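In the numbering used here, the protein residues as written are 83 to 488.
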């Protein structure tokens, strides 16, 4: 009988907790300062037409994550391990790309925590960023780092969604215009779609939930149903947050407010709900940033270690990763909006490489999948999406050249 690749079964409650943690790690890793910045800037730029870009990015995200979680979950191997088994060295090349992208994003994430604390309490951003980095480090110093990480990302993810619902309601957006533009957009910008995809499932974010799932032990053919549901629900959580933020900003812009400050999102929250809106923005930004710090650190380190690396050693490397990014942030002082958008586009460029490797495993390396017959419909959806990511990657190159020229 073929090896199913399953690890020892967990109890029902332990399995639910593990999958919920992996799902929210993926979602909250995507919902970072760059996510908030991109959504605000592009809503101000496109207005209601931005709804189409959101829908397109969500559909691409679902197709990507269903395949990524399925291949990694059934094989029981990390993305770089699969890459090295397909072509020696490819996995480490992918690891290098992901790690570099993770560093860029995490500097921005720590900057975001500083801005969030400043908006909440009026504390200097550098002090807020430094304190937040220490909080993230303490999670990985904990003896039960995995459990602590799961609980924190779920709690903060729920808080972000609840606060965004309030702001979206008080902003009174033109929902009808948004719905119409979801299907019949007045304007389509492929670079924006690329940036959204790169910021949501590009770079380290693609693998955050799937790699956490491996550590939790929920793998193998027997768990395919739960793996698939969790991958889709994670993207739905991300999509809900994107839609709520979009509606909040759209309500402000449609009401005649012109966003001109360096922190357009904070300006929009203040315009929608006054002083309390600014405080809420601080909470949302800090929660988004600190969970992304955790997700970026965990996933980036998972690419330069293996399943054989002792957990204690992996946690210490993660601590060093966060500390290093924090030091760079403290020297830079900030992460400009352009840098965060640049990082999203850069991750969109990385996506075709790793995704292509996983699809090859699904198609040709049944031995790595423990004899699992990969669904043809899912493979076809994945290949079509991969071809689209190649086109979007080309758009990324063009966009990055334009950003560099500026």
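Positions of the beta carbon are idealized from the N, C-alpha and C atoms, including for glycine.
All figures in this text were calculated on a predicted structure; none of them were measured in a lab.
_At least three beta-carbon pairs within less than 8 Å, the region 136–150 to the region 312–326_ = yes
*Residues of its chain near residue 112, where Cβ-Cβ distance is below 6 Å and the 5 sequence neighbours each way are ignored*: Numbered from its first residue, the chain shown carries residue 112 at position 30. Excluding sequence neighbours, residue 112 sits near 282, 287, 320.
*At which residues does the alpha helix (DSSP H) containing residue 242 begin and terminate?*
The residue given as residue 242 occupies position 160 in the chain shown. Element bounds for residue 242: 227–252.
*Measure the alpha-carbon distance for residue 471 versus residue 273 and round it to whole angstroms.*
Residue numbering aside, residue 471 sits at position 389 when the chain shown is read from its first letter. Residue numbering aside, residue 273 sits at position 191 when the chain shown is read from its first letter. Roughly 12 Å between the two C-alpha positions.
*For residue 210, does the three-state DSSP call read helix, strand or coil?*
As a position in the chain shown, residue 210 is number 128, starting the count at 1. Here residue 210 sits in helix by DSSP.
*Put residue 341 into one of helix, strand or coil per three-state DSSP.*
Mapped onto the chain shown, residue 341 falls at position 259. Correct three-state label for residue 341: coil.
_Exposure label - residue 363; buried when at least 16 CB within 10 Å_ = Your numbering for residue 363 matches position 281 in the chain shown. Residue environment: residue 363 is assigned as buried (16 or more neighbouring CB atoms within 10 Å of its CB, all protein chains considered).
*Could you spell out the range, first to last residue, of the alpha helix (DSSP H) harbouring residue 200?*
Looking up residue 200 in the chain shown gives position 118. Residue 200 -> alpha helix (DSSP H) spans 172–203.
*Cut-off 6 Å between Cβ atoms - residues of its own chain near residue 359, not counting five sequence neighbours on either side*: Within the chain shown, residue 359 is the residue found at index 277, counting from 1. Cβ-Cβ distances below 6 Å link residue 359 to 351, 352 in the same chain, with the five nearest sequence neighbours on each side left out; the list follows chain order.
*If you draw a straight line from the C-alpha of residue 101 to the C-alpha of residue 402, how long is it?*
As a position in the chain shown, residue 101 is number 19, starting the count at 1. As a position in the chain shown, residue 402 is number 320, starting the count at 1. Cα atoms of residue 101 and residue 402: separation of roughly 27 Å, rounded to the nearest angstrom.
*Which residues in the same chain have their Cβ closer than 7 Å to the Cβ of residue 117, if we skip the five residues on either side of it in sequence?*
As a first step, residue 117 is located in the chain shown; it is residue number 35 there, counting from the start. Closer than 7 Å at the Cβ level, and outside the excluded window around residue 117, lie 281, 370.
*Of the choices 414, 291, 303, 376, whose alpha-carbon is the least far from that of residue 99?*
Working through the chain shown from its first residue, we reach residue 99 at position 17. Selected option, being the one with the closest Cα: 291.
*Do residue 285 and residue 184 have their C-beta atoms closer together than 8 Å?*
As a working mapping, residue 285 is identified with position 203 in the chain shown. As a working mapping, residue 184 is identified with position 102 in the chain shown. Closer than 8 Å, so yes.
*What is the residue span of the alpha helix (DSSP H) that residue 115 lies within?*
Locating residue 115 in the chain shown gives position 33, counting from the first residue. Boundaries of the alpha helix (DSSP H) around residue 115: 115–128.
_Measuring only the C-alpha atoms, how far is residue 279 from residue 204?_
The residue labelled residue 279 in the question sits at position 197 within the chain shown. The residue labelled residue 204 in the question sits at position 122 within the chain shown. For residue 279 and residue 204, the distance between alpha carbons rounds to 33 Å.
*Does the pairing of the region 159–172 with the region 333–352 give three or more beta-carbon distances under 8 Å?*
no
*What do you reckon, are the CB atoms on residue 407 and residue 275 nearer than 8 Å?*
One-based indexing of the chain shown puts residue 407 at position 325. One-based indexing of the chain shown puts residue 275 at position 193. Going by C-beta atoms, residue 407 is not nearer than 8 Å to residue 275.
*Distance, Cα to Cα, residue 476 vs residue 223?*
Indexing the chain shown from 1 puts residue 476 at position 394. Indexing the chain shown from 1 puts residue 223 at position 141. A straight-line Cα-Cα distance of about 41 Å links residue 476 and residue 223.
*Measure the alpha-carbon distance for residue 372 versus residue 130 and round it to whole angstroms.*
Here the question's residue 372 lines up with position 290 in the chain shown. Here the question's residue 130 lines up with position 48 in the chain shown. Each residue's Cα considered, the two are about 30 Å apart.
*In terms of residues, what are the limits of the alpha helix (DSSP H) holding residue 313?*
Taking the first residue of the chain shown as position 1, residue 313 is located at position 231. Run containing residue 313: 306–336, per the alpha helix (DSSP H) assignment.
*Nearest CA to the CA of residue 238: which residue from 109, 458, 411?*
Start at 1 with the first residue of the chain shown, and residue 238 comes out as number 156. Checking every option, the nearest Cα to that of residue 238 belongs to 109.
_Buried or exposed, going by whether 16 or more other CB atoms sit within 10 Å of the CB of residue 392?_
One-based indexing of the chain shown puts residue 392 at position 310. Flag for residue 392 reads exposed.
_What residue range does the alpha helix (DSSP H) around residue 133 cover?_
The residue you call residue 133 lines up with position 51 of the chain shown. Segment 132–157, the alpha helix (DSSP H) holding residue 133.
*Extent of the continuous alpha helix (DSSP H) to which residue 385 belongs*: Against the chain shown, residue 385 aligns to sequence position 303. Counted as a single uninterrupted DSSP element, the alpha helix (DSSP H) harbouring residue 385 occupies residues 346–386.
_Tell me which residues share the same chain as residue 85 and place their Cβ nearer than 7 Å to its Cβ, disregarding the 5 neighbours each side in the sequence._
Within the chain shown, the letter at position 3 stands for residue 85. Bear in mind that a pLDDT of 42 at residue 85, under 50, signals an unreliable position, so the model cannot answer this.
*residue 298: first and last residue of the uninterrupted alpha helix (DSSP H) it sits in*: The residue labelled residue 298 in the question sits at position 216 within the chain shown. Unbroken alpha helix (DSSP H) run through residue 298: 287–298.
*asked:* Given this structure, state the Cα-to-Cα distance separating residue 462 from residue 442, to the nearest angstrom.
replied: For the purposes of this step, residue 462 is identified with residue 380 of the chain shown, where counting begins at 1. For the purposes of this step, residue 442 is identified with residue 360 of the chain shown, where counting begins at 1. Our two residues, residue 462 and residue 442, have alpha carbons roughly 12 Å apart in a direct line.
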